[in-house]
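Student: Chains A and B supply the protein sequences, listed in that same order. Take 1 as the starting number for the first sequence in full-length UniProt numbering and just add one per residue. Take 1 as the starting number for the second sequence in full-length UniProt numbering and just add one per residue. A virtual CB, placed ideally from N, CA and C, is assigned to each residue, including glycine. My structure is below; once you've seen it, I'll send some questions.
Number of protein chains: 2
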Amino acid sequence: MIKINDISADAPADLEKSAAKDLTKEYVDRLGELQSILTAQKKYSVLVILQGMDGSGKDGATANVFKECHPNSLQVVSFKKPTEEEFAQDFLWRVHKNAPPKGMIHIFNRSQYEDVIIQRVHKWIDEDRVKKRIASINAFEELLAYDNNTIIFKFMLHISKEQQEVELNQRLNEKEKFWKHNASDWREREHWDEYMRCYEDVLNQSSIPWTVVPVDQRWYRDYVIAKAMVEKLETLDLAYPPLQK
Amino acid sequence: MIKINDISADAPADLEKSAAKDLTKEYVDRLGELQSILTAQKKYSVLVILQGMDGSGKDGATANVFKECHPNSLQVVSFKKPTEEEFAQDFLWRVHKNAPPKGMIHIFNRSQYEDVIIQRVHKWIDEDRVKKRIASINAFEELLAYDNNTIIFKFMLHISKEQQEVELNQRLNEKEKFWKHNASDWREREHWDEYMRCYEDVLNQSSIPWTVVPVDQRWYRDYVIAKAMVEKLETLDLAYPPLQK
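Written as structure tokens, this is what we have:
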């Protein structure tokens with residue numbers, strides 16, 4: 001049973017930053033190599049789900065961890081407010097359309113989990129529907145895993161409420177970040193405890209497990225994500241295919 | 001009037017490799033900065049068309065030139081043999097679906113031009129249809145340019161027939177490249193002169209101009225593409241937007 005409030009958003013005190021950064025560089029390079037094999041082999045697909053509060057660093061993680069991946073086989077899917085067309089469908093419709101084909105890594109910047117988090121926080125859906133949706137998500141992810149060899153990574157970017165304030169303030173003060181400012185982020189922040197409760201529920205009810213990533217130090221975020229991905233992918237039977245004459 | 005046979009596929013003799021590589025690094029870094037502004041400003045979209053014979057280095061150019069671009073705002077679209085669904089539509093249908101929205105860079109790895117090159121070489125379409133298709137492509141590209149502020153870069157990766165043989169042979173001899181081998185590439189090579197004639201026609205009949213990129217030396221390919229993109233983008237009124245309260 002995961003309790004978010006028991007998990008620190010800080011890097012562990014006994015991990016040295018410069019050593020971690022060196023290791024991260026190695027993992028990031030290796031991830032690029034493993035992606036080349038994935039692309040050539042076309043046996044597996046990879047889905048990376050990045051969830052977290054505003055300012056938790058989803059964009060930064062994407063830029064840093066996948067630095068050595070080839071753009072041909074990497075696609076980011078950013079789930080925003082549903083369009084009218086999407087809203088007229090079940091909540092998984094637009095998600096399923098964006099599942100990764102074999103040989104590809106897809107990064108979901110936000111995901112199906114918004115539909116059981118933000119919607120639940122604001123009571124746009126009732127608790128019965130939340131329960132059914134979580135079951136549907138589990139069934140959907142299992143389908144991808146068994147029927148398309150999709151390796152699913154789920155990262156919950158865990159930021160402290162204090163650090164979020166720092167991050168959101170940067171968007172008010174730094175010219176390069178103005179465009180990321182959204183007044184609604186500050187309003188959502190008022191529902192912090194309710195967000196954490198909904199995240200906690202998701203973490204505990206998922207059949208495919210989550211990695212909770214402490215992100216108050218950005219170098220530790222990148223380290224945890226890159227390490228988790230490489231360690232998992234190294235367990236697979238990845239290999240360049242033989243020559244097809 | 002462009003004559004392909006008059007253009008060398010080699011780097012110019014008076015350009016020093018190490019100096020060019022240093023400049024390329026600067027252009028690649030700057031392209032990453034310009035992309036950040038494009039994303040923030042959401043005024044322009046960018047379309048990069050990479051066309052060239054097999055082995056001309058479309059994948060390598062993509063990996064190297066866009067190294068500092070953020071994956072959130074970069075998407076590669078690889079046009080392969082049309083699917084049954086695509087084939088039941090006009091040839092621009094699948095292309096239009098993949099036009100870049102504002103704030104995004106889309107790279108077309110092959111493009112609408114295949115439909116007036118490979119199809120013309122094999123006489124799958126007659127000359128009247130070729131003529132109409134080239135006019136349709138011109139109208140389509142002009143539409144993107146005036147109606148969605150799409151900045152269109154068209155790079156014809158110009159490889160010599162000798163160098164192509166070297167590249168295709170690598171796919172038969174290097175384990176990491178086996179998956180790129182395709183017996184049909186060798187068969188297409190037999191139509192070299194006819195391909196060049198069709199490319200030349202496209203280069204001369206396009207309303208939005210092409211850059212012919214000599215690619216026998218890969219470092220020169222990256223230099224030309226990165227330089228052309230940065231120089232053009234620097235002429236635009238790119239600027240981070242003000243804070244929206």
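Ignore the nearest five residues each way along the sequence and tell me which others in tyrosine 113 of chain A's own chain have a CB closer than 8 Å to its CB.
Tutor: If you number the first sequence from 1, residue 113 of chain A lands on position 113. Taken in chain order, the residues that qualify are Ile49, Gln51, Ile137 and Val202.
Student: Who pairs with serine 45 of chain B in a beta bridge, going by DSSP?
Tutor: Your numbering for residue 45 of chain B matches position 45 in the second sequence. Answer is B/Thr150, bridged to serine 45 of chain B.
Student: Assign valine 77 of chain B to one of three DSSP states: helix, strand, or coil.
Tutor: Within the second sequence, residue 77 of chain B is the residue found at index 77, counting from 1. Strand at valine 77 of chain B.
Student: I want to know whether the segment 206 to 215 of chain A touches the segment 147 to 167 of chain B - three or more CB-CB distances under 8 Å.
Tutor: no
Student: If you compare alpha carbons, which of A/Ala88, A/Asp90, A/Asn72 and A/Ala99 is closest to serine 78 of chain A?
Tutor: Within the first sequence, residue 78 of chain A is the residue found at index 78, counting from 1. The shortest Cα separation from serine 78 of chain A among A/Ala88, A/Asp90, A/Asn72 and A/Ala99 belongs to A/Ala99.
Student: Give the residues from the segment 174 to 199 of chain A that approach chain B closer than 9 Å (Cβ to any Cβ), ordered along the chain.
Tutor: Listed in chain order, the positions of the segment 174 to 199 of chain A with a beta carbon within less than 9 Å of a beta carbon of chain B are Lys175, Glu176, Lys177, Phe178, Trp179, Lys180, His181, Asn182 and Ala183.
Student: Chain B beta carbons: is any one of them nearer than 8 Å to that of proline 100 of chain A?
Tutor: Along the first sequence, read from residue 1 onward, the residue named residue 100 of chain A stands at position 100. The beta-carbon of proline 100 of chain A is placed no less than 8 Å from the nearest beta-carbon of chain B.
Student: So with Cβ pairs under 8 Å, would you call histidine 122 of chain B a contact of chain A?
Tutor: Taking the first residue of the second sequence as 1, we reach residue 122 of chain B at position 122. So, not an interface residue.
Student: Taking C-beta to C-beta, are glutamine 163 of chain A and alanine 9 of chain A nearer than 8 Å?
Tutor: One-based indexing of the first sequence puts residue 163 of chain A at position 163. One-based indexing of the first sequence puts residue 9 of chain A at position 9. Yes, they are a contact pair.
Student: Can you list, in chain order, the residues of the segment 56 to 86 of chain A whose Cβ is nearer than 7 Å to any Cβ on chain B?
Tutor: Against chain B - using a Cβ distance shorter than 7 Å - the residues of the segment 56 to 86 of chain A are Asp59, Thr62, Ala63, Phe66, His70, Pro71, Asn72, Leu74, Gln75, Val76 and Ser78.
Student: Would you call the segment 16 to 32 of chain A and the segment 218 to 227 of chain A in contact, with 3 or more CB pairs under 8 Å?
Tutor: yes
Student: With 16 other CB atoms within 10 Å as the buried threshold, where does aspartate 6 of chain B fall?
Tutor: The count along the second sequence starts at 1 and reaches residue 6 of chain B at position 6. Exposed: under 16 other Cβ atoms inside 10 Å.
Student: With DSSP as the reference, please indicate the residues paired to histidine 158 of chain A in a beta bridge.
Tutor: As a first step, residue 158 of chain A must be located in the first sequence, where it is residue number 158. DSSP output for histidine 158 of chain A lists A/Pro214 as bridge partner(s).
Student: Let me know the secondary structure DSSP gives phenylalanine 108 of chain A once reduced to three states.
Tutor: Position 108 of the first sequence, counted from the start, is the residue given in the question as residue 108 of chain A. Strand.
Student: What residue range does the alpha helix (DSSP H) around cysteine 198 of chain B cover?
Tutor: Position 198 of the second sequence, counted from the first residue, corresponds to residue 198 of chain B. Residues 192 to 205.
Student: Below 8 Å between beta carbons: does that hold for leucine 168 of chain A and aspartate 185 of chain A?
Tutor: For this step, residue 168 of chain A is matched to residue 168 along the first sequence. For this step, residue 185 of chain A is matched to residue 185 along the first sequence. Cβ distance < 8 Å, so leucine 168 of chain A and aspartate 185 of chain A count as in contact.
Student: Could you name the residues that DSSP lists as bridge partners for glutamine 163 of chain B?
Tutor: Along the second sequence, read from residue 1 onward, the residue named residue 163 of chain B stands at position 163. DSSP output for glutamine 163 of chain B lists no bridge partner at all.
Student: In whole angstroms, what is the alpha-carbon distance linking glutamate 234 of chain A and arginine 30 of chain A?
Tutor: Residue numbering aside, residue 234 of chain A sits at position 234 when the first sequence is read from its first letter. Residue numbering aside, residue 30 of chain A sits at position 30 when the first sequence is read from its first letter. Answer to the nearest angstrom: the Cα atoms are 10 Å apart.
Student: Report yes or no: do three or more beta-carbon pairs, one from the segment 92 to 106 of chain A and one from the segment 70 to 77 of chain A, lie closer than 8 Å?
Tutor: yes
Student: At a CB-CB cut-off below 7 Å, which residues of chain B make contact with proline 241 of chain A?
Tutor: Here residue 241 of chain A corresponds to residue number 241 of the first sequence, with the count starting at 1. Per Cβ cutoff of 7 Å: Phe178 and Trp179.
Student: Please confirm if arginine 244 of chain B has its CB atom under 8 Å from at least one CB of chain A.
Tutor: Within the second sequence, numbered from 1, the residue matching residue 244 of chain B stands at position 244. Sequence inspection shows glutamine at residue 244 of chain B; the arginine mentioned does not correspond to that position. Interface residue, yes.
Student: Straight-line CA distance for leucine 238 of chain A to isoleucine 125 of chain A?
Tutor: For the purposes of this step, residue 238 of chain A is identified with residue 238 of the first sequence, where counting begins at 1. For the purposes of this step, residue 125 of chain A is identified with residue 125 of the first sequence, where counting begins at 1. Using only the alpha carbons, I get a separation of about 42 Å.
Student: If you follow the alpha helix (DSSP H) that glycine 60 of chain B is part of, which residue opens it and which one closes it?
Tutor: Start at 1 with the first residue of the second sequence, and residue 60 of chain B comes out as number 60. Here the alpha helix (DSSP H) through glycine 60 of chain B covers 58 to 65.
Student: Can you give me the C-alpha to C-alpha distance between glycine 60 of chain A and proline 242 of chain B, rounded to a whole angstrom?
Tutor: The sequence position of residue 60 of chain A within the first sequence is 60, counting from 1. The sequence position of residue 242 of chain B within the second sequence is 242, counting from 1. If you take the alpha carbons of glycine 60 of chain A and proline 242 of chain B, they lie about 22 Å apart.
Student: Using alpha carbons as the reference points, say which of A/Pro71, A/Ile118 and A/Lys43 lies closest to lysine 80 of chain A.
Tutor: Start at 1 with the first residue of the first sequence, and residue 80 of chain A comes out as number 80. Closest by alpha carbon: A/Ile118.
Student: Take glutamate 231 of chain B as the anchor and find which of B/Ala20, B/Leu34, B/Leu15 and B/Asp14 has the nearest alpha-carbon.
Tutor: Sequence index remark: in the second sequence, residue 231 of chain B carries index 231 (1-based). When only C-alpha atoms are compared, the closest one is B/Leu34.
Student: Tell me whether glutamine 51 of chain B sits in a helix, a strand or coil according to DSSP, three-state version.
Tutor: Counting from one through the second sequence, the residue named residue 51 of chain B turns up at place 51. In the three-state reduction of the DSSP assignment, glutamine 51 of chain B falls in the strand class.
Student: Name, going along the chain, the residues of the segment 103 to 117 of chain B whose beta-carbon falls closer than 9 Å to a beta-carbon of chain A.
Tutor: Ile107 and Asn109
Student: Could you spell out where the alpha helix (DSSP H) holding isoleucine 117 of chain A opens and where it closes?
Tutor: Locating residue 117 of chain A in the first sequence gives position 117, where the first residue counts as 1. Careful: isoleucine 117 of chain A lies outside any alpha helix (DSSP H) and carries neither H nor E.
Student: What does alanine 40 of chain A touch in chain B if you count any residue whose Cβ is under 9 Å from its own?
Tutor: Counting from one through the first sequence, the residue named residue 40 of chain A turns up at place 40. The contacting residues are Glu176, Lys177, Phe178, Trp179 and Lys180.
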